[in-house]
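In terms of the UniProt record's numbering, the sequence shown is residues 1 to 306. Backbone N, C-alpha and C fix where the C-beta goes; we use that ideal spot for every residue, glycine too.
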Amino acid sequence: MPYLCWAFLYTSTGVNSYIEALHERMNEVIYGAPTAKAAIDIACFDLIGKKLKQPVYQLLGGRFHDSFPITHVLSIGDPNEMAEEALSVVKKGYRSLKIKVGTHVEEDIARIQAIRKRVGDDIAIRVDVNQGWKNSATTIKALRALERLNIDWLEQPVVADDIDAMAYIRTKTTIPLMIDEGLKNMRDMREIIQKRAADKVNIKLMKCGGIYPAVKLAHQAELEGMECQIGSMVESSIGSAAGFHVAFAKKIVTSVELTGPLKFTKDVGNLHYDLPYIRLTNKPGLGIDVDEQTLHKLTAFSDVIR
């Protein structure tokens, strides 16, 4: 595998073919392990960009978006406390909120209603259930109470592998549905499209294997006219920057949720947010610098006995 990375550094053409060969080799060696593959994929894209003095989004076809609004994520809590937090960030300029729910349906409905009442009708609200409502019956019950609350979309209400339930729920509501945990690879995307199981999909680089697979998923979705979000698994500046480069390069990506670095007291990189927006620079590669001292401090070392 190393010879592939070195080949990247000495050519200005055929970037996609080299990256594709890299993924083919990784997939031959081991099935799964998407996060490990993503780390190698992202490192290679960063190396290529720096060698060619181009930002990664340029390697993906060029920049389409100039900026993205950042969505504030509200963790599950008391309805009134969540509503107060929502109002406080709206006053700071945020125009979209993601509400984490997925416990008891009536309590979840109360959380969403309290937040909508507090922030008014002009703020975008997205609801993420994280599979918490389990099945279609519970989800449809909740949706009846949410229909009039102007919800942007409802994300992954049922268990990840129940694509049929998502397809059924979609026929019972006017609220757009997003699949997250149910999308890991191109085979999942094909099933989602064939069964018309979602209006939107949440693509995560750590879940699909990196920049290259994420772009392929976005292209699949674009053929169907299905909008994409580039989502977060609470990555550092490195993983988040990689996700942003995919998002900025693709028209079909209409939202981002890459807020990991905002949650850390220490980060290994220096990705800059212009809150409540993100704007990428034209610096080469990922456009960030890695703090080697912080990386060393945050790395867990252990002896391996063979």
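{"Check": "Reduced DSSP category for Tyr10 - H, G, I as helix; E, B as strand; rest coil", "Outcome": "The predicted position of Tyr10 is uncertain, since its pLDDT is 48 and thus under 50; a value taken from the coordinates is nonetheless stated next. Residue state, collapsed to three classes: coil."}
{"Check": "Residue environment, Ser237, which counts as buried when at least 16 other CB atoms sit within 10 Å", "Outcome": "buried"}
{"Check": "Under 8 Å between C-beta atoms of Arg116 and Leu149", "Outcome": "yes"}
{"Check": "Leu97: first and last residue of the uninterrupted alpha helix (DSSP H) it sits in", "Outcome": "No alpha helix (DSSP H) contains Leu97, which is instead part of the beta strand (DSSP E) from Ser96 to Lys100."}
{"Check": "Three-state secondary structure assigned by DSSP to Ser255", "Outcome": "strand"}
{"Check": "Asp121 versus Ser75 - alpha carbon distance", "Outcome": "21 Å"}
{"Check": "Stretch-stretch touch, CB-based, cutoff 8 Å, three pairs: the region 82–100 with the region 282–300", "Outcome": "no"}
{"Check": "Under the three-state DSSP convention, the category Val234 falls into", "Outcome": "coil"}
{"Check": "Simplified DSSP assignment, three categories, for Glu106", "Outcome": "helix"}
{"Check": "Euclidean distance between Cα positions of Asp267 and Ala241", "Outcome": "13 Å"}
{"Check": "Residue from Ile193, Arg196, Lys195 and Asn202 whose Cα sits closest to the Cα of Lys184", "Outcome": "Asn202"}
{"Check": "Integer-rounded CB distance, given that Val290 should sit under 8 Å from Val246", "Outcome": "That pair is no contact at about 20 Å."}
{"Check": "According to DSSP, residues forming a beta bridge with Gly269", "Outcome": "Val290"}
{"Check": "Local Cβ density within 10 Å of His104, reported as buried at 16 or more and exposed below that", "Outcome": "exposed"}
{"Check": "Start-end ranges of the beta strand (DSSP E) lying completely within the region 151–181, minimum 3 residues", "Outcome": "153–155 and 177–179"}
{"Check": "At least three beta-carbon pairs within less than 8 Å, the region 215–230 to the region 25–33", "Outcome": "no"}
{"Check": "Asp66 versus Ser232 - alpha carbon distance", "Outcome": "20 Å"}
{"Check": "With 16 other Cβ atoms within 10 Å as the buried cut-off, status of His296", "Outcome": "exposed"}
{"Check": "Distance, Thr174 Cα to Val90 Cα", "Outcome": "26 Å"}
{"Check": "Contact check, Val127 vs Ile140, beta carbons under 8 Å", "Outcome": "no"}
{"Check": "Pairwise C-alpha distance: Ile305 and Met178", "Outcome": "44 Å"}
{"Check": "Which of helix, strand or coil DSSP assigns to Leu60", "Outcome": "coil"}
{"Check": "Given 8 Å, three or more beta-carbon pairs between the region 58–65 and the region 249–258", "Outcome": "yes"}
{"Check": "Counted within 10 angstroms of its Cβ, other Cβ atoms place Gly260 as buried (16 or more) or exposed", "Outcome": "buried"}
{"Check": "Coil, strand or helix - Gln229 by DSSP", "Outcome": "strand"}
{"Check": "C-beta contact flag for Ala167 and Arg144 at 8 Å", "Outcome": "no"}
{"Check": "Rounded C-alpha distance that separates Lys53 from Glu224", "Outcome": "34 Å"}
{"Check": "Where the alpha helix (DSSP H) containing Arg144 begins and where it ends", "Outcome": "Ser136 to Leu146"}
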